[in-house]
Amino acid sequence: MALVYVHGIGNRLDGGYVEAQELRDGLFRGHLVSTAFPERPDTRILSPYWGAHGGALHWGLASADLDGIERLGGSDDLAESIAAGGEGSAEARLLSIARTSLPDAVDALYTVAEDTGGTEDAIGFAAAVLDYTALRESLYPDSPETERYPWLAEVHDDLALVDRLVAEVGPPADDEVETLGGLSTVREWLASGANRLRRAAVTAVTVPPVHLFRRHLGPSIARTFGDVLAHLAHRGTPDRPGPIVQVVADAVERAAADGGPVIVVAHSMGGNIVYDLLSHFRPDLTVDVLVTVGSQVGLFEELKLFAASTPASPVVPDNIRSWINVVDRADPLAFRVAPIFDRATDYLYPSGAVWAHAAYLRQPHFHRRIAHRVAEALA
């Protein structure tokens, strides 16, 4: 039994990939692995990296750089999008989110916090905060957040929110010495996210909206086209698969060699690559549960872009035993599959958040929800 995660577009080793993987794998192990394979906490998590074979921008995206000083993509742009969509002062933008939904505020912090260490403590705190919010929701199922968490009325800015959240949730470990260090590290890590949102909120006021959209969407669209076209142009044949197909196939093959169920979680373009792999290039590989997240498999099939596409209505291959597809209304790159494919189930992840596409796999509440769906599919 093993879990394979296939990343989406725009992932490069020099863009915080390793740090993001550490956080994501920790959340996978703490939720999906522990729920689906409780007897095997050491279940392997494979993360085939295909970004090295994605679209190569030979002039460094000079075609999209209008002034020569803009930095390409990154979490600061993401923070600007979150901040631009919030209310209140720059110092209390996160607090305004928390008073509507504390889980959304936590997920926002995990989304934009600096990838500069403290991963183990952040993973431990994620488990504790999930238990905390679940308990409060069970005690006050129909109450607004300000009644569910009365202390929200006592804090007045985002850094105070972080301090109080850490204090309310409590220590993620039993050892007192480790707890003090862990909580301090978590506090600093979460505060880095709050500070990034504060800076972004100021930027959102001073930067013209059209320029902000161009800055955020231009590089993202270029990366999307580059990686999509690289796969389509160089995916090869079943006898001679292209490099992206081969990297992912090798990982699924290694997972199958472990014996037991194989779960594949594929984000964005990763879902299209996995479907191409299982439906055409390697029909001999079996996946017990396929989870596509913020993916475009439905759109690609409507456009008949898969190697296995025919004019007829598609049938989910037998080697995909169960298929869960997660979409968010706020994610413009997420498409349904159930109206097109038989034996596929769509689930709405209702974050309503502007950061939806880039951050599913960084959000503790997402991991808890998807873990239960996978366990149901395996039962």
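Numbering (the numbering used here), first residue to last: 2 to 380.
Note that beta-carbon positions come from the ideal geometry of N, C-alpha and C, so glycine has one too.
Here the structure is a predicted model, which means the values were calculated and not measured.
query: Within 7 Å, strictly: CB atoms of Thr101 and Glu23; result: no
query: Own chain, CB closer than 6 Å to Thr36, minus 5 neighbours either side, in chain order; result: Ala372, Ala376
query: Host beta strand (DSSP E) of Asn320 (start-end); result: Asn320 -> no beta strand (DSSP E), and no H or E assigned at all.
query: When His59, Leu110, Asp105, Leu306 are compared against Leu191, the one with the closest alpha-carbon; result: Leu110
query: Ala57 versus Gly227 - alpha carbon distance; result: 7 Å
query: His368 classed as buried or exposed, judged by whether at least 16 other C-beta atoms fall within 10 angstroms; result: buried
query: Complete runs of the beta strand (DSSP E) confined to the stretch 269–296 [at least 3 residues]; result: 290–294
query: Chain-order list of residues whose beta-carbon lies under 8 Å from that of Arg370 (same chain, five-residue window excluded); result: Tyr350
query: Supposed contact pair Tyr348 and Gly295 - C-beta distance, whole angstroms, cut 8 Å; result: That pair is no contact at about 12 Å.
query: Closest residue to Ala91 among Pro142, Pro39, Arg197, Ala21 (Cα-Cα distance); result: Arg197
query: Ala267 and Thr293 closer than 7 Å at C-beta; result: yes
query: Coil, strand or helix - Leu153 by DSSP; result: helix
query: For Ala331, the three-state DSSP class (helix, strand or coil); result: coil
query: Candidates Asp164, Ile321, Ala308, Gly27, of which the one nearest His232 by Cα; result: Ala308
query: Beta-carbon proximity of Phe282 to Pro340, cut-off 7 Å; result: no
query: Rounded C-alpha distance that separates Leu278 from Thr311; result: 16 Å
query: CA-to-CA distance, Val328 to Arg199, given in whole angstroms; result: 29 Å
query: Start and end residues, alpha helix (DSSP H) containing Leu136; result: 120–140
query: Coil, strand or helix - Val170 by DSSP; result: helix
query: 8 Å contact criterion, which Arg224 and Gly11 should meet: CB distance rounded; result: 4 Å
query: Sheet register partners of Val5 (DSSP bridge); result: Leu47, Val265
query: Minimum C-alpha distance to Ala359 - residue among Leu291, Leu131, Met270, Val338; result: Met270
query: Nearest-angstrom Cα separation, counted from Leu166 out to Asp159; result: 10 Å
query: Opening and closing residue of the alpha helix (DSSP H) in which Thr346 lies; result: Premise fails: Thr346 lies in the beta strand (DSSP E), 345–349, not in any alpha helix (DSSP H).
query: Unbroken alpha helix (DSSP H) run spanning Val298, endpoints; result: 298–303
query: Beta carbon of Arg374 nearer than 7 Å to that of Ile321; result: no
query: Coil, strand or helix - Pro104 by DSSP; result: helix
query: Coarse secondary structure for Arg13, derived from DSSP in three states; result: coil
query: For Ser97, the first and last residue of its enclosing alpha helix (DSSP H); result: 94–99
query: Close Cβ partners of His157 (< 7 Å) along its chain, the five nearest in sequence each way excluded; result: Ala93
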